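K.L.:
Below is a structure I'd like to ask you about.
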Amino acid sequence: MTALIELEGAAKTYGAFTALDDVTLSLSGTSPSMTAIAGESGSGKTTLARIMLGFIPPSRGRVLYRGKDVASMSGSERRQFRREVQPVFQDPFDVFNPFYRVDHVLTMPVRRYGLAHSDAEARKLIEEALSRVGLRPQDTLGRFPHELSGGQRQRVMVARAVLLRPKLIIADEPVSMVDASLRATILDELKTLNRDLDISIVYITHDLTTAFQICDNIVILYRGTVAEAGSVERVIGDPKHPYSQLLVSSIPLPDLSKPWGGEEVHNDEPAGWTVEDGCPFAPRCPHVMEMCWKSRPPKYLPDSQRLATCFLYRDAPALKEDDISTVFRAPDAAIQPGRARAAATP
Amino acid sequence: MMPAERPSAQPAAPILVVEDLNVHYDTTDGPAKAVADVSFSLRPGERLGLIGESGSGKTTMATALMRLTRAPGRIAGGRVLLDGQDLLQMNTAELRATRLRDIALIPQGAMSSLNPVMRLGDQIIDAIAAHVPRMSRAALEQRVGELLTSVGLDPSAARRYPHELSGGMKQRAAMAIATSLQPKVIVADEPTSALDVVVQRQVMQTLGKLQGGLGAAVVLIGHDMGLIAQFADTVGVMYAGRIVEIGPVRQMIEAPRHPYTRLLVDSLPGIEVKRDLSGIPGLPPRLVDLPPGCSFAPRCPYAFDRCRRETPQLQVVAPGQRAACHLYPEHQVLPPLPRGHAANDKDYAA
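So the protein lines, in turn, are chains A and B.
Residue numbering for the first sequence follows this note's numbering, beginning at 1 and increasing consecutively.
Residue numbering for the second sequence follows this note's numbering, beginning at 347 and increasing consecutively.
Okay, structure coming up:
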């Protein structure tokens, strides 16, 4: 079984600064999954997204798409990669040219990839894609970007991605600029695409509640390293890494029986210490031990469905291969096949 | 920190009373009523959270409370009584003396409200010196140190320029300026919208401590029900320029009476059980051509004929809780959502 996309020790450095430390993971090519990449600003989550999209080459390591190194693809392989791996960006304002009608972002890929033989066929494809994301084609086509709300613009971008029948959508904070009341709807549509069209989704976010709701597995990044990874139920429901615990306790829940955690966060870096010397979270960690300053903790397995890069779990076995996706659980879509999926099975 | 269990504000006289406030934006299509007939009052120490979607009028409201409304916006009527004095009737000198000293704003994106070419300490000193002209330089610098400490920054931050500070630190600096003269009312407009979740919590908890220490009332404006729930004692929900429901935070979350509040609470995912996410279908109305009757009726799963004719007024629906909805007083609580309501309809364009 060839994986859909694989990262082999992919890292990105800018001079002495490490934006992303070696990440190894693979997403299945057979069962479409939804994977969240979470962390705060500067955690490396956008860097990881851009590496997966082939927008920036990794400084070390490789990215393989269907077994082929993205860095050394032939023209036609690259074209297929570009078509099958689609981005959805954070800001639905930036991607539109304000002088073109919104139709433009939809007709361009149809033309570029020769998806239709006639204008009528193109129109039909576009209308299907729009309906798929809950937009009425007659209310959307022919409009200028400023005539649509942020939520509608973001849906047009999802429709654009869908149009190309991608295998993988990498959505970088797709709803952080959309009102809370509309977020749920857009995320629900991503989930539907995953289930009904077999599209794998990588959801980059700083919002753990939506990650929990729509994703199967999650990777929590801290200063370019993987702090914890595994099923959303384990990692968010019962976080083990002190950083994940801090993140989860800081979520403002609309539930008065779950008050915000009250602990203050300190940040004490000993003089002369650099982040490469030990655990990147050591200066902020409430459980920091002597060993945390001296070496990087390995990826321990406190249980079978998650890893935590933290010496608190040094009695647990360590991850053998570096591949963090070995702790991932089977995706929901594989457990509960959606309508289209069931219909497509011979 | 649990707002609901904080000793509730003493039943003192209100420090801020807003009466029938109206703010319009003049457009070529006629006036857009961004704030329409809004009334509420706040006692010292009370924390009011005002929540609404983009375009609900919440930022317009924050600006109007400070009387900072600029053209094409204008305050079209009403009163903003601060300790009994109408802010909207003050002359320029009175207004200048009142802002910051009695009522202070922590603006949206406070990061960009700092002067980029001035050290932080000098910006705070400027603010204080404008109100307290006879303070010595030494006393001012000491005060700056105290203020920075109170917002959780090192006093040495006074020597720094804004670009040397992180987003959270800048937000704290803006809080230090806003509280420099110990105001009675603090208006905070989405103070943490650009911050990471951990920093957001720390900044809000710092604001809570400052406010508690000063005994100031806070109006916190935002769109995140979770954040508002964690901070406020009283929650007001704004829709199309009006407050459609207001009441104690626990009742608003656990027993909202207005259908919009209910849908807003429901649209927030938790981390306990996975469930189908439900957004609120449809879009808020354009403020220049509001539908007749209740502005929420076109999106409301409960709407009936009267809602499309007659604008509902706020009425008491539970102790301390008022809602503007025609379901009351006929109903005691909000009935269960009608089956197959539009919130589940995927084909609905929003």
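The beta-carbon is built from N, C-alpha and C at its ideal position, and this holds for glycine as well.
In this text, all values refer to a predicted model and were calculated from it rather than measured experimentally.
For Ala669 (chain B) and Ala534 (chain B), I'd like the C-alpha separation in whole angstroms.
P.N.:
As a position in the second sequence, residue 669 (chain B) is number 323, starting the count at 1. As a position in the second sequence, residue 534 (chain B) is number 188, starting the count at 1. Answer to the nearest angstrom: the Cα atoms are 24 Å apart.
K.L.:
Does Pro605 (chain B) get closer than 8 Å to chain A when you measure Cβ to Cβ?
P.N.:
In the second sequence, residue 605 (chain B) corresponds to position 259, counting from 1. No, Pro605 (chain B) does not count as interfacial toward chain A.
K.L.:
Can you check whether the C-beta of Pro252 (chain A) is within less than 8 Å of a C-beta belonging to chain B?
P.N.:
Position 252 of the first sequence, counted from the start, is the residue given in the question as residue 252 (chain A). Closer than 8 Å: yes.
K.L.:
Using a Cβ-Cβ cut-off of less than 9 Å, give me the residues of the stretch 576 to 603 of chain B that come near chain A, in sequence order.
P.N.:
Residues passing the 9 Å Cβ filter: Gln576, Phe577, Val595, Arg596, Ile599, Glu600.
K.L.:
What does Gly15 (chain A) reach in chain B if we use C-beta pairs closer than 9 Å?
P.N.:
Translated into positions along the first sequence, residue 15 (chain A) becomes position 15. Per Cβ cutoff of 9 Å: no residues; Gly15 (chain A) is ~20 Å from chain B at best.
K.L.:
Can you check which of these residues, B:Ala380, B:Leu396, B:Gly398, B:Glu440, is closest to Ala422 (chain B) by C-alpha distance?
P.N.:
Taking the first residue of the second sequence as position 1, residue 422 (chain B) is located at position 76. Taking only the C-alpha atoms, the option nearest Ala422 (chain B) is B:Ala380.
K.L.:
If the criterion is Cβ atoms closer than 8 Å, does the pair Ser31 (chain A) and Ala333 (chain A) meet it?
P.N.:
On the first sequence, position 31 is the one that residue 31 (chain A) refers to. On the first sequence, position 333 is the one that residue 333 (chain A) refers to. In contact: Ser31 (chain A) and Ala333 (chain A) (Cβ atoms closer than 8 Å).
K.L.:
How would you call Ala70 (chain A), buried or exposed, if buried means at least 16 neighbouring beta carbons within 10 angstroms?
P.N.:
Locating residue 70 (chain A) in the first sequence gives position 70, where the first residue counts as 1. Residue identity check: residue 70 (chain A) is Val in the sequence provided, not Ala. Buried, since its Cβ has 16 or more Cβ neighbours within 10 Å.
K.L.:
Counting contacts by CB-CB distance shorter than 8 Å, is Lys404 (chain B) in contact with chain A?
P.N.:
One-based indexing of the second sequence puts residue 404 (chain B) at position 58. No, its Cβ sits nowhere closer than 8 Å to a Cβ of chain A.
K.L.:
Between which two residues does the alpha helix (DSSP H) holding Lys124 (chain A) run?
P.N.:
Position 124 of the first sequence holds residue 124 (chain A). Lys124 (chain A) -> alpha helix (DSSP H) spans 119 to 132.
K.L.:
Can you find a C-beta in chain B that's less than 8 Å from the C-beta of Thr35 (chain A)?
P.N.:
In the first sequence, residue 35 (chain A) corresponds to position 35, counting from 1. Taking Cβ atoms only, chain B never reaches closer than 8 Å to Thr35 (chain A), which makes this a no.
K.L.:
Can you pull out the residues from the stretch 504 to 529 of chain B whose beta carbon lies closer than 7 Å to at least one beta carbon of chain A?
P.N.:
Correct list: empty, as no residue qualifies.
K.L.:
Check the Cβ of Glu392 (chain B) against every Cβ in chain A and list those closer than 9 Å, keeping chain order.
P.N.:
Taking the second sequence and counting its residues from 1, the one referred to as residue 392 (chain B) is at position 46. Result: empty, since nearest Cβ-Cβ is about 17 Å, beyond 9 Å.
K.L.:
Count the C-beta pairs between the stretch 138 to 145 of chain A and the stretch 98 to 107 of chain A that are closer than 8 Å, then say yes if the count reaches three, no if not.
P.N.:
With a cut-off of 8 Å, the stretch 98 to 107 of chain A and the stretch 138 to 145 of chain A count as touching, because enough Cβ pairs lie within range.
K.L.:
Looking at chain A, is there any beta carbon in it that lies within less than 8 Å of the beta carbon of Met347 (chain B)?
P.N.:
Indexing the second sequence from 1 puts residue 347 (chain B) at position 1. Since pLDDT at Met347 (chain B) reaches only 43, below the 50 mark, its modelled position is unreliable, and no value is offered.
K.L.:
Helix, strand or coil, according to DSSP, for Asn194 (chain A) in the structure here?
P.N.:
Your numbering for residue 194 (chain A) matches position 194 in the first sequence. Reduced to three states, the DSSP call for Asn194 (chain A) is helix.
K.L.:
Using alpha carbons as the reference points, say which of B:Gly587, B:Val565, B:Val583 lies closest to Val577 (chain B).
P.N.:
As a first step, residue 577 (chain B) must be located in the second sequence, where it is residue number 231. The residue you asked about is not Val; residue 577 (chain B) is Phe in the sequence shown. With distances taken between Cα atoms, Phe577 (chain B) lies closest to B:Val565.
K.L.:
Does Pro615 (chain B) get closer than 8 Å to chain A when you measure Cβ to Cβ?
P.N.:
On the second sequence, residue 615 (chain B) is found 269 positions in, with the first residue counted as 1. Yes - at least one Cβ of chain A is within 8 Å of the one on Pro615 (chain B).
K.L.:
Does the beta-carbon distance from Arg78 (chain A) to Glu8 (chain A) come in below 8 Å?
P.N.:
Here residue 78 (chain A) is taken as the residue at index 78 of the first sequence, counted from 1. Here residue 8 (chain A) is taken as the residue at index 8 of the first sequence, counted from 1. Result no, Cβ atoms of Arg78 (chain A) and Glu8 (chain A) do not sit closer than 8 Å.
K.L.:
List, in chain order, every chain A residue whose beta-carbon is nearer than 9 Å to that of Met571 (chain B).
P.N.:
Mapped onto the second sequence, residue 571 (chain B) falls at position 225. Per Cβ cutoff of 9 Å: Ala180, Pro252, Pro254.
K.L.:
I want to see whether chain A comes within less than 8 Å of Lys379 (chain B), judged by CB atoms only; does it?
P.N.:
As a first step, residue 379 (chain B) is located in the second sequence; it is residue number 33 there, counting from the start. It does not: the Cβ of Lys379 (chain B) has no partner Cβ on chain A nearer than 8 Å.
K.L.:
Just to confirm before moving on: does the CB-CB distance between Gln90 (chain A) and Ser28 (chain A) stay below 8 Å?
P.N.:
In the first sequence, residue 90 (chain A) corresponds to position 90, counting from 1. In the first sequence, residue 28 (chain A) corresponds to position 28, counting from 1. Going by C-beta atoms, Gln90 (chain A) is not nearer than 8 Å to Ser28 (chain A).
K.L.:
Report yes or no: is there a C-beta of chain A within less than 8 Å of the C-beta of Val611 (chain B)?
P.N.:
In the second sequence, the residue the question calls residue 611 (chain B) occupies position 265. Chain A, which has a Cβ nearer than 8 Å to the Cβ of Val611 (chain B), makes this yes.
K.L.:
Let me make sure I understand the geometry here. Which of B:Ile523, B:Ser539, B:Ala540 has the alpha-carbon closest to that of Ile532 (chain B)?
P.N.:
On the second sequence, residue 532 (chain B) is found 186 positions in, with the first residue counted as 1. Out of B:Ile523, B:Ser539, B:Ala540, B:Ile523 has the C-alpha closest to the C-alpha of Ile532 (chain B).
K.L.:
Tell me whether the beta-carbon of Pro254 (chain A) lies closer than 8 Å to the beta-carbon of Val611 (chain B).
P.N.:
Here residue 254 (chain A) corresponds to residue number 254 of the first sequence, with the count starting at 1. Here residue 611 (chain B) corresponds to residue number 265 of the second sequence, with the count starting at 1. Yes.
K.L.:
Using only alpha-carbon positions, find the residue among A:Gly42, A:Pro166, A:Ile5, A:Ala271 that is nearest to Thr205 (chain A).
P.N.:
Residue numbering aside, residue 205 (chain A) sits at position 205 when the first sequence is read from its first letter. It is A:Gly42.
K.L.:
Going straight from the alpha carbon of Asp635 (chain B) to that of Leu135 (chain A), what length do you get?
P.N.:
Translated into positions along the second sequence, residue 635 (chain B) becomes position 289. Translated into positions along the first sequence, residue 135 (chain A) becomes position 135. So the two alpha carbons sit approximately 23 Å from each other.
K.L.:
If the cut-off is 7 Å on Cβ atoms, which residues from the stretch 34 to 57 of chain A count as contacting chain B, listed in chain order?
P.N.:
Those would be Glu40, Ser41, in chain order.
K.L.:
Could you check which residue in B:Gly572, B:Arg420, B:Ser641 has the C-alpha nearest to that of Leu434 (chain B)?
P.N.:
In the second sequence, the residue the question calls residue 434 (chain B) occupies position 88. It is B:Arg420 whose Cα lies nearest to the Cα of Leu434 (chain B).
K.L.:
If distances are taken between C-alpha atoms only, which option among B:Gly491, B:Thr374, B:Pro681, B:Pro418 comes closest to Arg603 (chain B)?
P.N.:
Along the second sequence, one-based indexing puts residue 603 (chain B) at 257. Comparing Cα-Cα distances from Arg603 (chain B) to each of B:Gly491, B:Thr374, B:Pro681, B:Pro418, the minimum goes to B:Pro681.
K.L.:
When the Cα atoms are used, what is the spatial distance from Val327 (chain A) to Met34 (chain A)?
P.N.:
Residue 327 (chain A) sits at position 327 when you count from the first residue of the first sequence. Residue 34 (chain A) sits at position 34 when you count from the first residue of the first sequence. Approximately 14 Å between the Cα atoms of the pair.
K.L.:
Taking Cβ to Cβ, would you say Val549 (chain B) is nearer than 8 Å to Gly514 (chain B)?
P.N.:
Reading the second sequence from its first residue, position 203 is the one you call residue 549 (chain B). Reading the second sequence from its first residue, position 168 is the one you call residue 514 (chain B). Yes, the Cβ-Cβ distance between Val549 (chain B) and Gly514 (chain B) is below 8 Å.
K.L.:
Classify Lys332 (chain B) as buried or exposed, calling it buried when 16 or more other Cβ atoms lie within 10 Å of its own Cβ.
P.N.:
The structure shown has nothing for residue 332 (chain B), since chain B only spans 347 to 696.
K.L.:
Check the Cβ of His206 (chain A) against every Cβ in chain B and list those closer than 9 Å, keeping chain order.
P.N.:
Counting from one through the first sequence, the residue named residue 206 (chain A) turns up at place 206. The answer, in chain order, is Asp542, Val543.
K.L.:
Figure out for me which residue from A:Val288, A:Arg155, A:Ile214 has the closest Cα to the Cα of His241 (chain A).
P.N.:
Numbered from its first residue, the first sequence carries residue 241 (chain A) at position 241. For the residues A:Val288, A:Arg155, A:Ile214, the minimum Cα distance to His241 (chain A) belongs to A:Val288.
K.L.:
In terms of alpha-carbon separation, which member of A:Ile56, A:Arg83, A:Asp188 lies closest to Ala11 (chain A)?
P.N.:
On the first sequence, residue 11 (chain A) is found 11 positions in, with the first residue counted as 1. That would be A:Ile56, whose Cα lies nearest to the Cα of Ala11 (chain A).
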